[in-house]
Amino acid sequence: MKWGTIYGAGSAGVEFYDAFHAPGHVPAMKGDVDFYIRCARRFGGPVLELAAGISPGMVKVARGKAALAERDGLSGGIRFLRGDMTRFSLRRKFRFIYLPFRSFQSLHTIAEQRACLACVRRHLAPGGRFVLNIFDPKLEYCVPGRSKVISRYRKAVDRATGNVCRLEVEERHNDALRQILTEKWHFVVRDRRGKLLREDDRWLSIRWTYRWEMAHLLELCGFDAEACYGGFHGEAPAYGREQVWVAKKAR
-19 MKWGTIYGAG
-9 SAGVEFYDAF
1 HAPGHVPAMK
11 GDVDFYIRCA
21 RRFGGPVLEL
31 AAGISPGMVK
41 VARGKAALAE
51 RDGLSGGIRF
61 LRGDMTRFSL
71 RRKFRFIYLP
81 FRSFQSLHTI
91 AEQRACLACV
101 RRHLAPGGRF
111 VLNIFDPKLE
121 YCVPGRSKVI
131 SRYRKAVDRA
141 TGNVCRLEVE
151 ERHNDALRQI
161 LTEKWHFVVR
171 DRRGKLLRED
181 DRWLSIRWTY
191 RWEMAHLLEL
201 CGFDAEACYG
211 GFHGEAPAYG
221 REQVWVAKKA
231 R
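First residue of the sequence shown: -19, per the numbering used here; consecutive thereafter.
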C-alpha cells in the first residue's frame, strides 16, 4: 500500500477535517455533542474525553462545551493532553469519561481494546460513567476480500480559503478474520474558481465490533453496561446504526 494514513502529516483529510465533520455533515452523528453535554450534566465532573483531537474546530467545540458546563454549575477549564489511550495515567479520577465518534474502532486488536478499557476503568471515579460510541456493522459490508464499488462521495468547503475538497471512497478491503476494514479515500482539492490544487490518496483502517461482542468485552473488562442506544436520542438498539454504550464499574 503506497499511500499514507488519512490522518497522517500533509493529508487533505487533516486539512479539511473540520469542514467534513461540521455539525450536520455526518448524519449518523446527529445530536452527539448535545448527548455528551447531557451526560456531563447528569454524571458531573471532572470529565475526560478520549481521542479529542486538537484541530481549531475541536478547540472551538471544547470551549463551547466548557461554557455550557460552567453555565450548568460544572467547573470550567480545558486541558489537552497528548497520549496513547491504551496506556495513560493522569493521577486523578473522573465522574464522566467518554470515547466519541467511533474512535475506539481505531484499535485493531483485542489486546489494545482491553488495554484501553482497563485505563478507563482505573480512571473512573466511584459512581462515574463511561460512554462509548462505535457503529453497528452491516453484514453486507463485512464480506471478505476487496471491493471496487464503494460509491460514497462527500464534499466540503474550507470557509477560510474557499477551497473545495471532494472525497470519494474508491476501494475497500475487508479482513473478515481480524474484523478490520481498510478503505482507500481519494481527495481532490480545488480553489473557489475550480482550479485543481492537488489530489491525495489516503487509507483508513478500522476494526468493526458486533453488539454482543462489545457487551461481553465490557463485562470482561470489569464494567456493567447500563444501556446501549441505537443513536444519540435514546433510540432502541437497531441493526446497522450506532452503538452508544453507557457503563459503570462492576462491583
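Where a beta carbon is used, it is the ideal one built from N, C-alpha and C, also for glycine.
Does the distance from the CB of Gln93 to the CB of Ile114 come in under 8 Å? no
Counting C-beta neighbours from all protein chains within 10 Å, is the total for Arg109 16 or more, i.e. buried, or is it exposed? buried
So, using beta-carbon positions, are Leu28 and His88 closer together than 8 Å? With respect to His88, Leu28 sits apart: the two C-beta atoms are not nearer than 8 Å.
Three-state secondary structure assigned by DSSP to Ile90: helix
Val226 beta carbon less than 8 Å from that of Phe212: Cβ distance not < 8 Å, so Phe212 and Val226 don't count as in contact.
If you follow the alpha helix (DSSP H) that Trp165 is in, where does it begin and where does it stop? Taken as a continuous stretch (DSSP letters only), Trp165 belongs to no alpha helix (DSSP H), being part of the beta strand (DSSP E) at 160 to 170.
Alpha carbon to alpha carbon, how far is Ala216 from Asn143? 40 Å
For Lys175 and Phe203, believed in contact at Cβ under 8 Å, the rounded distance: With a Cβ gap of about 52 Å, Phe203 and Lys175 do not count as contacting.
Could you please give the first and the last residue of the uninterrupted beta strand (DSSP E) stretch that includes Asp155? 144 to 155
Which whole-angstrom value describes the C-beta separation of Glu222 and Ala8, a residue pair presumed to lie in contact below a C-beta threshold of 8 Å? In this structure Glu222 is in contact with Ala8, their Cβ atoms being roughly 6 Å apart against a cut-off of 8 Å.
Which of helix, strand or coil does DSSP assign to Gly(-7)? Three-state DSSP puts Gly(-7) in a helix.
Starting from Glu193 and walking both ways along the alpha helix (DSSP H), at which residues does that stretch end? 191 to 200
With respect to the beta strand (DSSP E) encompassing Val224, which residues constitute its N-terminal and C-terminal limits? 222 to 229
Glu147 versus Asp180: straight-line alpha-carbon distance, rounded: Per the sequence shown, residue 147 should be read as Leu rather than Glu. Leu147 and Asp180: Cα-Cα distance of roughly 10 Å.
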